[in-house]
Every structure is written in structure tokens, then in C-alpha cells.
Amino acid sequence: MDVVVVESAQEVAREAASRVTDFVRRHPTASIGLATGGTQLGLYRLLTDAYRRGQVSFADNRFFMLDEYAGILPTSTNSFQHVVRSEFLDHVDAAPHSLHVLDGTASDLHAEAQRFEQILRDSGGVDLQLLGIGTNGHVGFNEPGSFPNSRTRPVRLHDDTIASNAPYFSSPADVPRAAISQGLETIMEARSILLMATGTTKAKAIAEMIDGQITAECPASILQGHSGATAIVDSAAASLLASRV
Ligand code: F6R
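Under the working numbering, the first residue of the sequence shown carries the number 233, and numbering increases by one thereafter.
Written out as C-alpha cells, the structure reads:
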């Protein structure tokens, strides 16, 4: 895994936006896996700006959601598909049906996960997967203890994740306890991966992901085995890396 350390959260977003823009220019029909979370928002803003300046087009890309809360309506501002539409896809020239969602309101989440995996397979897989990282080392909603051979499936959210996501809800009790997430093996099949992390709250997870053993306790550590993975982190998130302390 390549690691790029920059000074600030703004620079993380800038570096990521320049890489994604370059990638899409070189691969205009690429399939892109979209993550949510606060860390992605700066990137989505800069990609929107690049589109408005005529520097990039997303007209021929396909998009795949990384994960989704269970039981949250797609129209809710907490729905991940709502976030990627309202923060990014609605502002660029993405084709109307180019986003492949995970339906967290499906009555059978296992069947929904299999439907999504089938579409992913039929379309040839993800070319570029965007990722954040949880304070507990999760990627997507693959919480500690997730198996390396996990595929898209319904998952239970870890207490750390519920606490981290509580500010986005009116009360912590409203945070869903379950979700549907691409699995670790699904994520590892993406041809390239761009993970962003900012702030001291991510420093421990970043150190474990990069310097630690590959272990289910830090699901993101599996990315050490991906030759096309790059982590872009700010100096706060990098502060516990062996090369920095
Ligand atoms: C969201 C997701 C999560 C977040 C992670 C970081 O689609 O899959 O893994 O990327 O929890 O979230 P932020 O950026 O809010 O710290």
C-alpha cells in the first residue's frame, strides 16, 4: 500500500480529487465505488468543482455504493445513497441510472446483498474504490472481526461506529444498529483503492492499518495486501505512524 502524508484535511481532499480526476480522464468508463462519511465530503466538493470547470466528465462512469444503513429510507438525509447524490452525483453529468445502490430497506437484506454482488460481477467489478476508515479500523461497515473472505452482506454496527455516527442523527438512539456493506473480499477485488483519513481520532487506526499485523481486529489492515491501494492521510492521522514518531 502506498501512503501519502499531507499537512491538512483540505490537502487530503485536494490530493484525492486530483488523483480521481486523473483516473476518470484516463478511464472515462470506469466503475467507481463511492463511500460516505465526513472525510469524503471535501473530495466530492472538489470533484464537483472540477466538473463545473470542464476538467472532467462522469457521463460514462458507473457508480457502486460501498455500504448503506439498514432501515433508512433512500429519501432520508441519513441515507448513504442520498448523501452521494446530494453531495456529488446530482451536481455533475453522471447518467441518471449510473448509481448502483444497496437498498437498506429491502425486506431480505441477504437477497439484496446477493443482487448487488451479481450486478458487480456482471459489470466487471470496481475499477476505483473510495474508502474512509473508522476509528476502530473498519472499512465500509466491515467491523473488527470481519472475515477476509467476506462478501456484501448485512452487518451489525460496532458501538464505536454508532457513537461516531451519532452526530448525524437527532439522537444516538436513532443511529441504525445494522447496515449492509460490501465485504472485505469484495473491496479487495477493486482494481485500485483510495483511502482517505484525517484528524487525530484516526491516528491509531491508521498506525494499525499501515504498521500493524494484518488482523481481523483492524479490518483495514487487509489493504496491506493490495498492490493498487493508496492511503492519503493528513499529519494528524499520520501522527502515530512508525515513520513519524
Ligand atoms: C461510509 C463508510 C465508513 C466511513 C468511515 C469514516 O460509507 O463506509 O467506513 O468511511 O466510518 O467516516 P468519517 O469519514 O465520517 O470519519
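Each residue gets a CB set at the ideal place from its N, CA and C atoms; glycine is no exception.
Can you tell me where the beta strand (DSSP E) holding residue i begins and where it ends?
{"i": "proline 373", "result": "First, the residue type needs correcting, since residue 373 is phenylalanine and not proline in the sequence shown. Taken as a continuous stretch (DSSP letters only), phenylalanine 373 belongs to no beta strand (DSSP E), as it is neither H nor E."}
{"i": "alanine 410", "result": "410-413"}
{"i": "arginine 385", "result": "385-388"}
{"i": "aspartate 466", "result": "461-466"}
{"i": "aspartate 234", "result": "234-238"}
If you check the beta carbons only, do residue i and residue j fall under 7 Å apart?
{"i": "alanine 262", "j": "aspartate 359", "result": "yes"}
{"i": "methionine 233", "j": "alanine 461", "result": "yes"}
{"i": "glycine 303", "j": "isoleucine 412", "result": "no"}
{"i": "glycine 274", "j": "glutamine 361", "result": "no"}
{"i": "methionine 428", "j": "valine 244", "result": "yes"}
{"i": "alanine 439", "j": "leucine 473", "result": "yes"}
{"i": "glycine 369", "j": "alanine 437", "result": "yes"}
{"i": "threonine 433", "j": "threonine 367", "result": "yes"}
If I follow the unbroken alpha helix (DSSP H) through residue i, where does it start and stop?
{"i": "methionine 297", "result": "Taken as a continuous stretch (DSSP letters only), methionine 297 belongs to no alpha helix (DSSP H), being part of the beta strand (DSSP E) at 294-297."}
{"i": "aspartate 354", "result": "341-354"}
{"i": "aspartate 443", "result": "435-443"}
{"i": "glutamate 319", "result": "312-319"}
{"i": "asparagine 397", "result": "391-397"}
{"i": "threonine 418", "result": "416-420"}
{"i": "arginine 284", "result": "270-284"}
Evaluate residue i with the Cβ neighbour count: other Cβ atoms within 10 Å of its Cβ, from every protein chain shown; 16 or more gives buried, anything less gives exposed.
{"i": "threonine 309", "result": "exposed"}
{"i": "leucine 305", "result": "exposed"}
{"i": "serine 240", "result": "exposed"}
{"i": "glutamate 449", "result": "exposed"}
{"i": "phenylalanine 320", "result": "buried"}
{"i": "phenylalanine 295", "result": "buried"}
{"i": "alanine 469", "result": "buried"}
{"i": "glutamine 313", "result": "buried"}
{"i": "glutamine 272", "result": "buried"}
Quick one: is the Cβ of residue i within less than 6 Å of any heavy atom of the ligand F6R?
{"i": "leucine 362", "result": "no"}
{"i": "aspartate 443", "result": "no"}
{"i": "threonine 432", "result": "no"}
{"i": "leucine 298", "result": "yes"}
{"i": "glycine 369", "result": "no"}
{"i": "threonine 268", "result": "yes"}
{"i": "threonine 271", "result": "yes"}
{"i": "glycine 372", "result": "yes"}
{"i": "alanine 415", "result": "The sequence as given places glycine at residue 415; alanine does not occur at that position. Not so, every heavy atom of the ligand F6R lies at least 6 Å from the Cβ."}
{"i": "glycine 274", "result": "no"}
What three-state label does DSSP hand residue i in the structure shown?
{"i": "methionine 428", "result": "strand"}
{"i": "isoleucine 264", "result": "strand"}
{"i": "valine 256", "result": "helix"}
{"i": "aspartate 359", "result": "coil"}
{"i": "leucine 472", "result": "coil"}
{"i": "histidine 323", "result": "helix"}
{"i": "glutamate 247", "result": "helix"}
{"i": "leucine 455", "result": "helix"}
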